[in-house]
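Chain order of the listed sequences is A and B.
For the first sequence, numbering that gives the first Met the number 0 begins at 0 and goes up steadily by one.
For the second sequence, numbering that gives the first Met the number 0 begins at 0 and goes up steadily by one.
Right, one structure below, let's go through it.
There are 2 protein chains.
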Amino acid sequence: MQNRLTSLFGIDFPIIQAGMIWCSGWRLASAVSNAGGLGLIGAGSMEPEVLLEHIHKCKDATNKPFGVNIPLLYSRVDRQIEIILSEGVKIVFTSAGNPSLLTPLLKNHGVTVVHVIANVKSALKCEQSGVDAIVAEGFEAGGHNGKEETTTFTLLPLIRNATKLPLIAAGGIATGRGMLAAMALGAEGFQIGSRFVASEESSAHPDFKHKVLETGDGDTFLTMKSLMPVRLIKNSFFLKVRELEESGASPDELKQLLGKGRAKLGMFDGNTEEGELEIGQAAALIKSIKPAGEIVREMVEEFEEARKGLLEYRISNIE
Amino acid sequence: MQNRLTSLFGIDFPIIQAGMIWCSGWRLASAVSNAGGLGLIGAGSMEPEVLLEHIHKCKDATNKPFGVNIPLLYSRVDRQIEIILSEGVKIVFTSAGNPSLLTPLLKNHGVTVVHVIANVKSALKCEQSGVDAIVAEGFEAGGHNGKEETTTFTLLPLIRNATKLPLIAAGGIATGRGMLAAMALGAEGFQIGSRFVASEESSAHPDFKHKVLETGDGDTFLTMKSLMPVRLIKNSFFLKVRELEESGASPDELKQLLGKGRAKLGMFDGNTEEGELEIGQAAALIKSIKPAGEIVREMVEEFEEARKGLLEYRISNIE
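In structure tokens form, the structure reads like this:
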């Protein structure tokens, strides 16, 4: 599975573990990197000193390349970038913001920069900003998401037609067959979130992991669109949000309901009813909690098997 | 491309032209059938006598198999079914309703029955009702759509895991690469709507066809969720709907705004601002109006080329 992305990152398989708040610390990132994929520390939920600690521990746990994901949402981004540069982190994924803000600085320090986008306009902005690769994230992805609601199936060929940048697919991919489908649509790599939430090394609370296993089709929804769209499991908190929205509530009223620490409450502390539980639609495909390295190996095997099957149309001829 | 579905329908390629209100009459259906796919007359917008006329004309225009799509929404369904049976139509696609209502009657008359679903529960109900195949339609599809908002990318493997029924993918597919991706996810056939709206033989108003060509990413949205979710192009009418919804309007207020004949006004009469314009996200991939037969041939060629490319990973190694 060698291609432009495996060369860019120095990895064996173009499988990237998504940087996810409260779920992807050094344990998960190093496990994925050790298995030949690219692990990402999700800095979104980390104070700068916590990020520093995770980078140190990740370096101790793997000799393979790993990266950090930074959502460009918080005031602490500048301090996080300082730490990343002084620690010599070589790969940074940025998301939820403008790629022109940090890309030049990071590139000047020799960092490989990847930016997450959800529409054609942002893909072109990435090209202008000099990023090395893009993640195109569809509507089915967990957590924060694009306002356009474009799905992975339609977003990938649109982005593929718009730019020659290396293209990583995200949203809805939890299996080797999903990887193959994304490749058919023009992707060269695969960013996988939900599947790794339900891994042994994820820092998600065990009750959240088990909730992911129980999540079926129609159990997650994109919500809080007037603030910043986010895909959540339909629990008590979600139902309160929906009730408020259906009554025509203002963004301020939503903010008040949301309060502070909802994501930590749900995903890290394990309050699966009152907390915010960010997960993708692909949760419905996940039936077990496994070591992250085993997940990587299984996906690669299923991808290869499915690829051979397509050759003979065997893949779909269920008899 | 021979498989269970080409045998079931007696066609050359498992490409099904979706039955679409105001767009798919006998001209489009016969053109697709003549090209080796399966054309469907969209009965949803047809009074019984109009449907009868279209069946007659379709029989005159092709010797190949064709079918009729019937949304189970309207009071005239019984009369439509009488016509279908007396005319000896051999293939019926039903949608927007319960498959147990009509399947036994149709099967008793030797009709091949396909039902459109958007979740696992309905797929299992199809199995119990004795339908011959199912269409799994993702969130990105145009027109009426499931409440679960599950995308093609996640819906297909879920349905594939849930039932052994022949599986037709719908939603987001407008190219041969899309067909290949759907096959990787477990589909055996492909129901294609939006691409055929922008065909020469479609009965869509020319102004609607041109509007489809201009539709980019983020230009369609699923709306009117409190009535029956429908994906529309973002025009003046859509913006009025959204404003009402954001103010917390009741379903009755929405119904009043919708009024009668909005879909005909937009898609058939060509009022692209005040009418309802049903189209899928895949519209963003459509750049030309072509004969339907040429569309079928191009999709088959692109599918075969992409399939060979996947073998060598060439598909995504843009250099």
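We put the beta carbon where it would ideally sit given N, CA and C, even for glycine.
All values reported here derive from a predicted model rather than from experimental measurement.
{"Asked": "Beta strand (DSSP E) segment containing G38/B, residue limits", "Found": "G38 to G41"}
{"Asked": "With 16 other Cβ atoms within 10 Å as the buried cut-off, status of E245/A", "Found": "exposed"}
{"Asked": "Cβ of L310/B within 8 Å of any chain A Cβ", "Found": "yes"}
{"Asked": "Contact list for the stretch 276-298 of chain A against chain B, Cβ threshold 7 Å", "Found": "Q280, A281, A283 and L284"}
{"Asked": "Reduced DSSP category for G324/A - H, G, I as helix; E, B as strand; rest coil", "Found": "With chain A running from 0 to 318 in the structure shown, residue 324/A is simply not present."}
{"Asked": "Beta-carbon spacing of F302/B, G137/B below 8 Å", "Found": "no"}
{"Asked": "Interface residues of chain B facing M19/A [CB-CB closer than 9 Å]", "Found": "Result: empty, since nearest Cβ-Cβ is about 18 Å, beyond 9 Å."}
{"Asked": "Element boundaries [alpha helix (DSSP H), containing Q280/A]", "Found": "Unbroken run through Q280/A: none, as it is neither H nor E."}
{"Asked": "Rounded Cβ spacing between I133/B and H114/B (contact assumed at less than 8 Å)", "Found": "6 Å"}
{"Asked": "Helix, strand or coil at S235/B [DSSP, three-state]", "Found": "helix"}
{"Asked": "Endpoints, alpha helix (DSSP H) assigned at P47/B", "Found": "P47 to A60"}
{"Asked": "Own chain, CB closer than 7 Å to H108/A, minus 5 neighbours either side, in chain order", "Found": "L84"}
{"Asked": "Three-pair Cβ contact test at 8 Å for the stretch 187-197 of chain B versus the stretch 175-187 of chain A", "Found": "no"}
{"Asked": "Neighbour-count burial assignment, P205/A, 16 or more Cβ in a 10 Å radius", "Found": "exposed"}
{"Asked": "Status (buried if at least 16 other CB within 10 Å, exposed otherwise) for M0/A", "Found": "buried"}
{"Asked": "Selected residue, minimal CA-CA separation from R296/A, among G269/A, A282/A and N33/A", "Found": "N33/A"}
{"Asked": "Per DSSP, the bridge partner or partners of Q16/B", "Found": "I191/B"}
{"Asked": "Where the stretch 177-211 of chain A meets chain B: residues whose CB sits under 8 Å from a CB there", "Found": "G177, L179, A180, A181, M182, A183, L184, G185, A186 and E187"}
{"Asked": "Cβ pair K106/A, V112/A closer than 8 Å", "Found": "yes"}
{"Asked": "Euclidean distance between Cα positions of A180/B and A180/A", "Found": "4 Å"}
{"Asked": "Span separating the alpha-carbon of K208/B from that of T214/B", "Found": "10 Å"}
{"Asked": "V240/A in three-state terms, based on DSSP", "Found": "helix"}
{"Asked": "The stretch 210-225 of chain B / the stretch 277-288 of chain B touching (three or more Cβ pairs under 8 Å)", "Found": "yes"}
{"Asked": "P156/A (DSSP reduced to helix, strand or coil)", "Found": "helix"}
{"Asked": "Beta-carbon proximity of T162/B to G129/B, cut-off 8 Å", "Found": "no"}
{"Asked": "Opposing strand residues paired with N68/B [DSSP bridges]", "Found": "G41/B and F92/B"}
{"Asked": "Collapsed DSSP secondary structure at R230/A in the structure displayed", "Found": "strand"}
{"Asked": "Within chain A, partners of D216/B - CB distance below 8 Å", "Found": "N118, V119, E147, T149, T153, L154 and L157"}
{"Asked": "Short CB-CB distance (under 8 Å) between R306/B and chain A", "Found": "yes"}
{"Asked": "Contacts that S6/B makes with chain A (C-beta to C-beta distance below 8 Å)", "Found": "Within 8 Å Cβ-Cβ: nothing; S6/B doesn't reach chain A, min ~11 Å."}
{"Asked": "Buried/exposed call for G260/B, threshold 16 Cβ in 10 Å", "Found": "exposed"}
{"Asked": "First and last residue of the uninterrupted alpha helix (DSSP H) at V76/A", "Found": "V76 to S85"}
{"Asked": "C-beta neighbour in chain A for N316/B, strict 8 Å", "Found": "Note on N316/B: pLDDT 43, under 50, position unreliable in the model; the coordinate value appears next. True, the Cβ-Cβ gap to chain A drops below 8 Å."}
{"Asked": "Whole beta strand (DSSP E) elements within the stretch 171-223 of chain B, 3-residue minimum", "Found": "188-191 and 219-222"}
{"Asked": "Contact with chain A by F237/B, beta-carbon distance below 8 Å", "Found": "no"}
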